[in-house]
Amino acid sequence: MDEKKDELRSKLFYEQKNGYDLIDTEERLAVEDYCKGYMDYLNASRMEREAVANAIALAEERGFVPFVPGMELKPGDKIYKNNRGKALMLAVIGRKSLGEGAVIAGAHVDSPRLDLKQVTLYESDEMAYFKTHYYGGIKKYQWVTIPLELHGVVALKSGEVVNVVIGREKDEPKFVITDLLPHLAADQMKKTMSEGFTGEGLNILLGSAPYADEGKDRVKLAVMSILNDMYGITEEDFLSAELSAVPAFDVCEIGLDRSLIGGYGHDDRVCAYAELKAIFDAEAPERTCICILADKEEIGSEGVSGMQSAAFDCFMEDLCEAQGVALRRCFENSFCLSADVCNAFDPLYPEVSEKRSDSKINYGMGICKFTGARGKSGTSDASAEIVAYLRRLFDREGVVWQMAELGKVDQGGGGTIAKFMANRNIDTIDAGVPVLSMHAPFEVVSKFDCYMTYKGVLKAYMDK
Ligand code: MN
Ligand code: MN
């Protein structure tokens, strides 16, 4: 009798299984192999520009060539369009016409960080500092007393663009924002976590040794003269620079079982790499595969390199034109995986989650039917039919996946590029890797979920 009841249970109830119970030894090895490539990519991609440059290098090794408008496109052709060095679109041309739609995966390669202000360098009490303006949603207290490194570009008046990286190599100096010692922090400790640190207080310590000379601002002069030696720049050149301080932690395995990966910028380079690897492995697809590495998602997908930009429409229109297809036909028949990370249920903070609906570590690719806040405000809310399609596809292809909702109702909220894709008349759903400590200087993901997100995108690309 009990056996029969159990049978009925397993037939009628939805039950989730830990991903490790669902894969064999061979696939476990594939997980490890995949994650090695990802860790290398993440370690070298600390800014959107680096993520794009590294992606282009990998793509060119695999036969992708820059797209030139008017160029003839045959099935199997591999092309890419670099959007100002900050965003990237790649395509593998399918056997079917673009009029039957493309399979699009869109991730973003910008991450929360501390941008330097345009007038940034100053000296105070014989110490030199950079002033910053944070980018994206950060908890400010997490960014003090950790080693920082400096990345970005300085565009000179001459038009030349100088690349800057300081602190990535082991023997290079790092930077830091200091904090009060507990002995003198009685007043500070009474403040709320959002008041404890201010945006104008996030100033980066640059140096303390004065220039051997008379006069004022000798430490600033010493620092500026080192920068001048290294990059040929002057203080005025900061006006046309994009420099950012990012955490100087190396990407590493986490846990005695090495099942997790810690690093800066998993959100959303973990999905960007999954898409990249998937489009590299998409051999002779039926439908044209598009891989997007977008910028500016963390500040609302605004601007020329964000997903609201017409850069994507122009690229797609160029591809459609090459096949004599109307862009609107292509869009209405296309399918888009908005590949972005989701919040992983954290046993240390269960109070913000609704356990049944939050994604869990090692339960696979997280599918968000909707994001948004309050009464689903600001989400594109994918159709039931789209979710059913993914159930069909993923169950058939052995992709381990789970539903993912961002915490308890009314607890908070967020968004992705999904709504901007859906607004283009493209069926779109969010899907990606669950993350612990999202937006922190050091985020954590599971290797299993990273691999399953890659597998999910690949199976979507290869679906007929
Ligand atoms: Mn994201
Ligand atoms: Mn984010």
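When we follow our numbering, the leftmost residue of the sequence shown carries the number 11, and every step to the right adds one. For each residue, glycine too, the CB sits at the ideal point set by N, CA and C. On a predicted model such as this, the values are computed, not experimentally measured, just so you know.
With distance defined between alpha-carbon atoms, name the residue in the options nearest to residue i.
i: Val467; options: Asn93, Asp189 and Val409; result: Val409
i: Ser55; options: Glu25, Leu347 and Glu159; result: Glu159
i: Asp368; options: Ser387, Glu331, Glu415 and Ser393; result: Glu415
i: Ser134; options: Val119, Leu231 and Cys324; result: Leu231
i: Asp356; options: Lys365, Ala349 and Asp350; result: Lys365
i: Ile103; options: Gly95, Arg94, Lys96 and Tyr90; result: Tyr90
i: Met501; options: Leu212, Ala97 and Ile156; result: Missing from the structure shown is residue 501; the chain here goes from 11 to 474 and no further.
i: Cys45; options: Thr188, Leu131 and Arg268; result: Arg268
i: Leu131; options: Glu245, Ser387, Gly442 and Met431; result: Glu245
Verify whether the separation of the beta carbon atoms of residue i and residue j is less than 8 angstroms.
i: Val445; j: Cys299; result: no
i: Gly116; j: Phe345; result: no
i: Met203; j: Lys149; result: yes
i: Asn372; j: Tyr24; result: no
i: Ser121; j: Gly162; result: no
i: Val119; j: Asp291; result: no
i: Pro295; j: Met472; result: yes
i: Gly273; j: Phe259; result: yes
i: Asp480; j: Pro79; result: What the structure shows of the chain is the stretch from 11 to 474, and residue 480 is not part of that stretch, so it cannot be assessed.
i: Ile439; j: Met413; result: no
i: Thr426; j: Glu307; result: yes
i: Val164; j: Ala251; result: yes
i: Tyr6; j: Leu124; result: Residue 6 lies beyond the residue range present for the chain, which begins at 11 and ends at 474; the question has no answer from this structure.
i: Leu303; j: Ala282; result: yes
Measure the C-alpha to C-alpha separation of residue i and residue j and round it to an integer number of angstroms.
i: Glu182; j: Asp50; result: 19 angstroms
i: Asp43; j: Asp277; result: 21 angstroms
i: Gly316; j: Ala336; result: 23 angstroms
i: Glu263; j: Thr208; result: 32 angstroms
i: Thr142; j: Ile236; result: 20 angstroms
i: Leu39; j: Gly374; result: 16 angstroms
i: Met81; j: Lys418; result: 50 angstroms
i: Ala173; j: Gly225; result: For the sequence presented, residue 173 should be read as Asn rather than Ala. Each residue's Cα considered, the two are about 31 angstroms apart.
i: Val256; j: Lys127; result: 14 angstroms
i: Gly169; j: Asp227; result: 29 angstroms
i: Ala394; j: Gln152; result: 39 angstroms
i: Arg339; j: Asp87; result: 21 angstroms
i: Tyr48; j: Ala284; result: 8 angstroms
i: Ala398; j: Ser319; result: 30 angstroms
i: Leu270; j: Ala222; result: 49 angstroms
i: Arg101; j: Gly423; result: A quick correction: the sequence has Ala, not Arg, at residue 101. Whole-angstrom Cα-Cα distance: 32 angstroms.
i: Ala349; j: Ala61; result: 16 angstroms
i: Lys8; j: Ala195; result: Residue 8 is absent from the model: the chain starts at 11 and stops at 474.
i: Ser20; j: Glu407; result: 21 angstroms
i: Phe458; j: Phe74; result: 28 angstroms
i: Leu190; j: Ser447; result: 24 angstroms
i: Glu37; j: Gly442; result: 19 angstroms
i: Lys106; j: Gly382; result: 35 angstroms
i: Lys379; j: Lys429; result: 12 angstroms
i: Pro360; j: Ala321; result: 41 angstroms
i: Leu216; j: Lys167; result: 25 angstroms
Just reading off the alpha helix (DSSP H) that residue i is part of, what are its end residues?
i: Lys465; result: Lys457 to Met472
i: Ala428; result: Ala428 to Ala432
i: Asn81; result: Residue 81 is actually Met in this sequence, not Asn. Neither: Met81 is in no alpha helix (DSSP H) and is coded neither H nor E.
i: Val229; result: Arg228 to Tyr241
i: Glu5; result: Beyond the ends of the chain as shown, which are 11 and 474, falls residue 5; an answer cannot be given.
i: Val41; result: Thr35 to Ala54
i: Ile103; result: That residue, Ile103, is in no alpha helix (DSSP H); it is neither H nor E in DSSP.
i: Asn64; result: Glu58 to Glu71
i: Phe322; result: Ala321 to Ala332
Which residues mark the beginning and the end of the beta strand (DSSP E) in which residue i is found?
i: Glu252; result: Ala251 to Pro257
i: Asp440; result: Asp437 to Gly442
i: Phe345; result: Phe345 to Ala349
i: Val113; result: Val113 to His118
i: Ile89; result: Lys88 to Asn93
Run through the region 126 to 175 for me and flag every whole beta strand (DSSP E) of 3 or more residues, listed as ranges in chain order.
Fully enclosed beta strand (DSSP E) runs of 3 or longer: 137 to 145 and 158 to 165.
Enumerated in chain order, which unbroken segments of the beta strand (DSSP E) with a length of 3 residues or greater are wholly contained in the region 273 to 305?
Here the runs fully enclosed are 299 to 304.
Which runs of the alpha helix (DSSP H) at least 4 residues long sit entirely within the region 371 to 411? Give them in chain order.
Entirely contained in the region 371 to 411, the alpha helix (DSSP H) runs reaching 4 residues are, in chain order, 394 to 407.
Which ranges does the alpha helix (DSSP H) cover as unbroken runs of at least 4 residues, wholly within the region 171 to 224, from first to last along the chain?
Entirely contained in the region 171 to 224, the alpha helix (DSSP H) runs reaching 4 residues are, in chain order, 196 to 200.
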